[in-house]
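First the structure, in the form of structure tokens, and then the observations on it.
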Amino acid sequence: AQSVSQHNHHVILSEAASLELGCNYSYGGTVNLFWYVQYPGQHLQLLLKYFSGDPLVKGIKGFEAEFIKSKFSFNLRKPSVQWSDTAEYFCAVSTTSGTYKYIFGTGTRLKVLA
Amino acid sequence: DTGVSQNPRHKITKRGQNVTFRCDPISEHNRLYWYRQTLGQGPEFLTYFQNEAQLEKSRLLSDRFSAERPKGSFSTLEIQRTEQGDSAMYLCASSPNPGTDYGYTFGSGTRLTVV
């Protein structure tokens, strides 16, 4: 069965620190990959997505993610976090056919200290 | 606001009662999804509509759950004979273009508490 693992459940960083959140998925076929973010009190928002092509994708607010097919990974990075990045981050995978339903990871709660 | 709208935002109900939630997707979006999220977990897929057709249902969606999208616009999710285990956030999302996956636009969710 398909699954998505996010290794870090809680991360605490100081402002200006670098961020890397891990995401690994289990699926043998072609996938689309996503990172969603949920700021406190807000709905889930799309941060970035990967369909094909350049495995390094850039999203909003300075975030980027790298798809490494051999490792089944899609890690999220940001060189310098801000207090406003405090949120919960979800990695998601969809297969490339049919319903495009997503399998989400359990999420990573990021707290950035000012 | 042209986003995905869900009502009500919160619902507290007694065990055994029926509840119905509504989702209004972005008007030009053909695809509509319902997910459920419990504490400490990511959203889990419940069901999917393409226009008015319900094309997939998760095994999570027991016989007590039913969803409709009668005219391919808004959708409703009904839970009959609620149980405490149904307590969760119910999320609706929509997406355009059946042939591609641009990612979802989520609503703010309906938080259900069964007491």
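Order-wise, the sequence lines are chains A and B. First residue of the first sequence: 91, per this note's numbering; consecutive thereafter. First residue of the second sequence: 486, per this note's numbering; consecutive thereafter. Positions of the beta carbon are idealized from the N, C-alpha and C atoms, including for glycine. Note that the coordinates shown come from a computational prediction; the quantities given were computed from them, not determined experimentally.
What residues from chain A crowd round B:L540, counting only those whose CB sits closer than 7 Å? Counting from 1 along the second sequence, the entry for residue 540 of chain B is found at position 55. Near B:L540 (Cβ distances below 7 Å), the residues of chain A are T189.
Is there a C-beta anywhere in chain B that falls below 7 Å from the one on A:H133? Mapped onto the first sequence, residue 133 of chain A falls at position 43. For A:H133, the answer is yes, since a Cβ of chain B falls inside 7 Å of its Cβ.
Which one of A:L134, A:H99, A:K148 and A:V121 has the shortest CA to CA distance from B:S490? To locate residue 490 of chain B, count along the second sequence from 1; it is residue 5. Nearest option by C-alpha distance: A:L134.
At a Cβ threshold of 7 Å, is A:T196 touching chain B? In the first sequence, counting from the first residue as 1, residue 196 of chain A sits at position 106. Output row for A:T196: interface = yes.
Which term fits B:P555, buried or exposed, when burial requires 16 or more other beta carbons within 10 angstroms of its beta carbon? Mapped onto the second sequence, residue 555 of chain B falls at position 70. The residue is exposed, with fewer than 16 neighbouring Cβ atoms inside 10 Å.
State the Cα-Cα distance for the pair B:T567 and B:N503, rounded to the nearest angstrom. Along the second sequence, read from residue 1 onward, the residue named residue 567 of chain B stands at position 82. Along the second sequence, read from residue 1 onward, the residue named residue 503 of chain B stands at position 18. Near 6 Å, if we compare the C-alpha coordinates of B:N503 and B:T567.
Does any residue of chain B have a CB that is nearer than 7 Å to the CB of A:N122? Taking the first residue of the first sequence as 1, we reach residue 122 of chain A at position 32. Cβ-Cβ to chain B under 7 Å: yes for A:N122.
Is it true that the CB of A:L136 sits closer than 7 Å to the CB of B:G588? Taking the first residue of the second sequence as position 1, residue 588 of chain B is located at position 103. Taking the first residue of the first sequence as position 1, residue 136 of chain A is located at position 46. Contact flag set, yes.
For A:K161, count neighbouring C-beta atoms within 10 Å of its own C-beta (all shown protein chains included) and say buried if the count is 16 or more, exposed if not. The count along the first sequence starts at 1 and reaches residue 161 of chain A at position 71. Label assigned to A:K161: exposed.
Using a cut-off of 7 Å between C-beta atoms, extract the partners of B:F506 located in chain A. Numbered from its first residue, the second sequence carries residue 506 of chain B at position 21. The premise fails here: B:F506 is roughly 15 Å from chain A at the closest Cβ pair, so nothing lies under 7 Å.
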